[in-house]
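Note that the protein sequences, when read in sequence, are chains A and B. Note that the working numbering numbers the first sequence so that position 96 is 235, with each residue one more than the last. Note that the working numbering numbers the second sequence so that position 103 is 165, with each residue one more than the last. Written out below as structure tokens is the structure these notes cover.
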Amino acid sequence: MLKLPIYLDNSSTTPVDPRVLEAMIPYYTEHFGNAASRSHPFGWSAEDAVDHAREQVARLINATEKEIIFTSGATEGDNLAMKGVFDMYSRKGNHIITVTTEHKAVLDTGKHIEKMGGEVTYLKVDNQGNIDLKELEAAITDKTILVSIMYANNEMGTIHPIREIADIVHKKGALLFTDATQAVGKIPVDVIADGIDLMTFTAHKMYGPKGVGALYVRRKNPRVKVTAQLDGGGHERGMRSGTLNVPGIVGFGKAAELAMQEMHQDAERLSALRDKLENALLGLEEAYVNGNPNSRLPHLTNISFKYVEGEGLMMAFKDIAVSSGSACTSASLEPSYVLKALGLGDDLAHSSIRFSLGRFTTEEQIDFTIDHVKTAVTKLREMSPLWEMFKEGIDLDTIEWAEH
Amino acid sequence: MAYSKKVLEHYENPRNVGSMDAKKQEVGTGLVGAPECGDVMRLQIEVDPETHVIKDAKFKTFGCGSAIASSSLATEWLKNKTIDEAMTIDNMDIVEELALPPVKIHCSVLAEDAIKAAIQDYRKKNGLPELELEAKIVH
Ligand SMILES: Cc1ncc(COP(=O)(O)O)c(C=O)c1O
Ligand code: FES
């Protein structure tokens, strides 16, 4: 029997892989020591475990252990990278470039930096979420210290050409920071080959625990430094104070190791399932995929079902867990700012649903989802005055709506 | 967001979904909201020209579950009321009946507006004096 509801919101968070949990448990009970306690075996075994995890995490992204700073998650990494570079390199310049479709943790950090006297340029995207590389190049000035562009977008999965971006950024003498929260562990990310200077990512999107993440800070060619944003005991080589979350870090390490082993087979299986889901749903009239179909995450699809409203649709999805807009903004009634940045009309932005598959998604679940979604969309369209008008050939743009 | 039982019940089994011929003399149509705002409601009434009693009501709504439930409930309440009685339906009655949370009050306002717009349309068509409607929507 299929267990309901079905979880298709893996871009919000993933379940912890049982193998990860197993690795973590002893570090709550038996090996509960503080990794900074140098005077007894409790501390030593915690420290060893953290060292091992640091290696596992570093290896996943082709970094070295000393380049990994453990954090509480991607949000903290976004803050530390951007504010930390802004503070450290203030003598060189005060200009940062980012993109309108970034996560709030980047955009709001950008706003904070503006208040502190920084200047931030927000690049626009085209209707698939791509930036214009020429525009990026033109935006970089001799005051530009940092370019912050996410690896893959969390709402529609568009992957940015990070290598080409890195070349442009480095040619102009700035640093490249990427929020790779949605990419690491899902697609190959190699900080050397990709030319990344700083990168944030988080365990809970790759079958690890919540509340632990990492910031990669390059040590060679060039050596990058960030100013600490938390004052305290000087942990993580002075860049991030606070007693390490040892069990969380152990879990993160294990999750990274598993991702290295299984990422390719997961991606292959999930993209086939994703394509099956997507093709079936595109069989409905007036359904559109958002994002760049040629450069996107393998396990995700974002579809707008025109003439039905997203929240109403979510309610019809009793038996599946998906998100409308991004999970971080769906508490408000605003359509997703990310989809609006693509130039999507509010009507399409309001009716978009993100399906994100994960390691534990099965074909049976996808088959069920296809039926469930088709039934719900059809039911809501029968109830939708807009659908009726569309079917009668009325151009909705010619109607004078009572705006409110 | 957790929905009340009554919202869920109307959402699962919406009453009176459908359309009437808007050109007919006895039919009044109210179309309110806008696609950009994520909600459009169309409410139609069929009125007995002698007694001005609403014989039938239908709706179609593009919107969240609360908007669908509000319009479904409105059609139930409209039936067998005269158009004057129907004018007294207040959005707060809907809020109370469906236990709508504060963020969903505008969905009920939309339903009230749709009722009034449908009655106004009927009045216009049938040579009755038009009513002065105050705009209630505050977004
Ligand atoms: C692109 C991106 N950045 C940052 C975050 C925040 O991650 P965390 O929950 O680890 O702070 C998320 C998660 O929603 C994300 O998708
Ligand atoms: S229709 Fe706007 S939230 Fe209900």
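Built from N, CA and C at the ideal position, the CB exists for glycine as well.
Within its chain, find whatever has a CB closer than 7 Å to the CB of residue 139 of chain B; leave out the 5 residues flanking it on each side and keep chain order. So the list reads 151, once near-sequence residues are dropped.
Report yes if the C-beta of residue 341 of chain A is less than 7 Å from at least one heavy atom of ligand 1; otherwise report no. For residue 341 of chain A, the Cβ falls inside the 7 Å cut-off from some heavy atom of ligand 1.
Please list, in chain order, the chain B residues whose beta carbon lies closer than 9 Å to that of residue 447 of chain A. Residues of chain B passing the Cβ test: 124.
Got a sec: which bits of the stretch 401-431 of chain A sit with their beta carbon under 9 Å from any beta carbon on chain E, in order along the chain? Absent here is chain E; the protein component of the structure consists of chains A and B.
Pull the bridge partners of residue 494 of chain A from the DSSP assignment, please. DSSP lists A:440 as partners of residue 494 of chain A.
Mind checking which residues open and close the beta strand (DSSP E) that includes residue 122 of chain B? Per DSSP, residue 122 of chain B belongs to the beta strand (DSSP E) from 116-124.
Quick one: what's got a C-beta closer than 7 Å to residue 369 of chain A's C-beta in the same chain, skipping five residues either side? So the qualifying residues of the chain are 379, 380 and 381.
heavy atom of ligand 1 below 7 Å from residue 321 of chain A C-beta: Because some heavy atom of ligand 1 lies under 7 Å away, the Cβ of residue 321 of chain A counts as near it: yes.
Just to check my reading of the structure: residue 431 of chain A and residue 269 of chain A have Cβ atoms closer than 8 Å, yes? What is that Cβ distance to the nearest angstrom? Contact holds; Cβ gap of about 6 Å.
Specify, as a first and last residue, the run of the alpha helix (DSSP H) that residue 153 of chain B falls within. Residues 153-160.
Spatial neighbours of residue 375 of chain A within its chain, please: C-beta separation below 7 Å, excluding the five flanking residues on both sides. The residues are 208 and 209.
Along the alpha helix (DSSP H) that carries residue 184 of chain B, what are the first and last residues, could you check? Under the DSSP assignment, residue 184 of chain B falls in the alpha helix (DSSP H) whose first and last residues are 167-187.
Can you pull the chain A neighbours of residue 189 of chain B, defined as C-beta to C-beta under 9 Å? Near residue 189 of chain B there are no residues of chain A at all, since even the closest Cβ is about 24 Å away, more than 9 Å.
Could you confirm whether any beta carbon from chain A is found closer than 8 Å to the beta carbon of residue 118 of chain B? So, not an interface residue.
Using only the alpha-carbon positions, how far apart do residue 131 of chain A and residue 391 of chain A sit? Within the shown structure, residues of chain A are numbered from 140 to 543, placing residue 131 of chain A beyond reach of any answer.
Three or more C-beta pairs closer than 8 Å, one from the stretch 398-412 of chain A and one from the stretch 452-462 of chain A: is that the case here? Touching, no.
Listed by chain order, chain B residues near residue 458 of chain A by CB distance under 9 Å: Under the 9 Å cutoff, chain B gives no residues; its nearest Cβ is about 13 Å from residue 458 of chain A.
Identity of the residue in A:513, A:489, A:330 and A:286 nearest residue 312 of chain A by Cα: When only C-alpha atoms are compared, the closest one is A:286.
Quick one: Cα of residue 239 of chain A to Cα of residue 110 of chain B, how far? Per the coordinates, the alpha-carbon of residue 239 of chain A lies some 55 Å from the alpha-carbon of residue 110 of chain B.
Given a cut-off of 8 Å on the beta-carbon distance, is the pair residue 155 of chain B and residue 94 of chain B in contact? No Cβ-Cβ contact shorter than 8 Å links residue 155 of chain B with residue 94 of chain B.
Report buried or exposed for residue 217 of chain A, applying the criterion of at least 16 other Cβ atoms within 10 angstroms of its Cβ. Looking at its Cβ environment, which holds 16 or more other Cβ atoms inside 10 Å, residue 217 of chain A is buried.
Where the stretch 92-107 of chain B meets chain A: residues whose CB sits under 8 Å from a CB there: Residues passing the 8 Å Cβ filter: 93, 94, 95, 96, 97, 98, 99, 100, 101, 102, 103 and 104.
What separation, rounded to the nearest whole angstrom, lies between the Cα atoms of residue 192 of chain B and residue 185 of chain B? Taking the straight line joining both Cα atoms gives about 6 Å.
Would DSSP call residue 463 of chain A helix, strand or coil? Per DSSP, reduced to three states, the secondary structure at residue 463 of chain A is coil, with no helix or strand assignment.
Give the DSSP-derived three-state secondary structure of residue 368 of chain A in the structure shown. The three-state secondary structure of residue 368 of chain A, taken from DSSP, is coil.
Within 7 Å: the Cβ of residue 510 of chain A and any heavy atom of ligand 1? No.
With a CB to CB cut of under 8 Å and the five nearest residues on each side skipped, what residues in its chain are close to residue 205 of chain A? Closer than 8 Å at the Cβ level, and outside the excluded window around residue 205 of chain A, lie 358 and 376.
Along the chain, where does the alpha helix (DSSP H) that runs through residue 133 of chain B open and close? Counting along the chain, residue 133 of chain B sits inside the alpha helix (DSSP H) bounded by residues 127-140.
Does the distance between the C-beta of residue 242 of chain A and the nearest non-hydrogen atom of ligand 1 fall short of 7 Å? Yes, the Cβ of residue 242 of chain A comes within 7 Å of a heavy atom of ligand 1.
For ligand 1, is there any heavy atom lying closer than 7 Å to the beta carbon of residue 213 of chain A? Residue side-chain check: residue 213 of chain A places its Cβ nearer than 7 Å to a non-hydrogen atom of ligand 1.
Which of the residues in the stretch 521-533 of chain A, read from start to end, lie with their CB under 8 Å from any CB of chain B? Interface annotation for the stretch 521-533 of chain A against chain B: 521, 522, 523, 524, 525, 526 and 527, criterion Cβ-Cβ distance under 8 Å.
Pairs of beta-carbons, one from the stretch 262-280 of chain A and one from the stretch 241-250 of chain A, closer than 8 Å: are there three or more? Result no; under three Cβ-Cβ pairs closer than 8 Å.
According to DSSP, is residue 507 of chain A helix, strand or coil? Note: residue 507 of chain A maps to helix in three-state DSSP.
With a threshold of 7 Å on Cβ separation, who are the neighbours of residue 471 of chain A within its own chain once the five nearest residues in sequence on each side are excluded? Caution applies to residue 471 of chain A, whose pLDDT of 48 falls short of 50 and renders its modelled position unreliable; the value that the coordinates give is listed next. Sequence-distant partners of residue 471 of chain A (beyond 5 residues in either direction) whose C-beta falls short of 7 Å from its own C-beta are missing from its chain.
Quick one: measure Cβ to Cβ for residue 320 of chain A and residue 435 of chain A, integer angstroms, because I've assumed they're closer than 8 Å. Wrong, their Cβ atoms sit about 15 Å apart, outside the cutoff.
Tell me which same chain residues have a C-beta within less than 8 Å of the C-beta of residue 126 of chain B, skipping the five on either side of it? Result list for residue 126 of chain B: 100, 101, 166 and 169, in chain order.
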